[in-house]
Amino acid sequence: MEGMPIPDEDRNLVMHVSLPIGDDILMGSDVSSHVKSHFKSGNNNYISLMPDSREEADRLFNELSAGGEVEMPMEEMFWGDYFGSFRDRFGIWWMINFPLRQS
Numbered sequence: 001m002e003g004m005p006i007p008d009e010d011r012n013l014v015m016h017v018s019l020p021i022g023d024d025i026l027m028g029s030d031v032s033s034h035v036k037s038h039f040k041s042g043n044n045n046y047i048s049l050m051p052d053s054r055e056e057a058d059r060l061f062n063e064l065s066a067g068g069e070v071e072m073p074m075e076e077m078f079w080g081d082y083f084g085s086f087r088d089r090f091g092i093w094w095m096i097n098f099p100l101r102q103s
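Oh and the sequence shown: position 34 is 34 in our numbering, straight run, nothing missing.
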């Protein structure tokens, strides 16, 4: 990208990907080298889900976080969404985000 220096080791990383799954979108990205030293396998990314309802957000959060560690419980956030995050029982990090302005 012009005007933004990118280290050689980051040139083949994914900056942003959106994968349509049914009516939903799974989004992700790689971790760049300047922050990679802080991460280890399993904590170097989050999976973010945007369900269609607050009830579905609660269901996904409760079922996927069972046996794991809640980082932020589901609650209305300052940016106007209903949000929560957790690490599941397999060590994978998740974010559940329901935009309240949709409801």
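Even glycine gets a Cβ: it sits at the ideal position worked out from N, Cα and C.
Quick caveat, the model's predicted, so the values are computed rather than measured.
Three or more Cβ pairs closer than 8 Å define a contact, and the stretch 14 to 33 falls short of that threshold against the stretch 70 to 79.
Counted as a single uninterrupted DSSP element, the alpha helix (DSSP H) harbouring Glu-55 occupies residues 54 to 65. For Asn-97, the uninterrupted beta strand (DSSP E) run begins and ends at 93 to 99, by DSSP. Residue environment analysis places Trp-79 among the exposed positions, since fewer than 16 neighbouring C-beta atoms fall within 10 angstroms of its C-beta.
In this structure Leu-49 is buried. Its beta-carbon is surrounded by 16 or more other beta-carbon atoms within 10 angstroms.
Per DSSP, Gly-68 has no beta bridge partner at all.
In the DSSP assignment, Pro-20 falls within the beta strand (DSSP E) that extends over 17 to 21.
DSSP, reduced to helix, strand and coil, places Asp-88 outside both helices and strands of the structure shown, so it counts as coil. By the beta-carbon neighbour count (other beta carbons within 10 angstroms, threshold 16), Ile-96 is buried.
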